[in-house]
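As numbered in full-length UniProt numbering, residues 1 to 86 make up the sequence shown, in order.
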Amino acid sequence: MGITKLVLDVLKTLKGPTIIDVARRLLEIDGVSRINIKVNEIDVETLTLTITIEGSEIDFDTVKNTLEGMGAVVHSVDEVIATRDG
1 MGITKLVLDV LKTLKGPTII DVARRLLEID GVSRINIKVN EIDVETLTLT ITIEGSEIDF
61 DTVKNTLEGM GAVVHSVDEV IATRDG
């Protein structure tokens, strides 16, 4: 029961962790079992990313705080899938 998929539009500075580092860190969050990161745009100082997170009982606040700790900002939540048992 809970969030099983999130699709996020994220802005990340070019400096700091790579998208590989971001994926590895997000996989450490309880309930997260799969990460897909797509680079949509590269500007002078930022990357625009689509991050798809799949799992069970995904805690959005933990995801958001983890991303912010890595120098990224959630611009929007573009898709959510939530399920419940029974």
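We treat Cβ as the ideally placed atom computed from N, Cα and C, and that holds for glycine. Predicted model only: the values in this text are computed from it and were never measured.
Burial check for I37: the Cβ neighbour count within 10 Å reaches 16 or more, so the residue is buried.
When C-alpha distances from V32 are compared across D85, H75, S76 and F60, the shortest belongs to F60. Take the alpha-carbon of E57 and the one of I3: they are about 5 Å apart. Annotated three-state conformation of L14 is coil, per DSSP. In the three-state scheme derived from DSSP, where H, G and I count as helix and E and B as strand, I29 is classed as coil. According to DSSP, residue pairing for A82 in a beta bridge involves I3.
In this structure, the beta-carbon distance from L26 to I19 does not fall below 8 Å.
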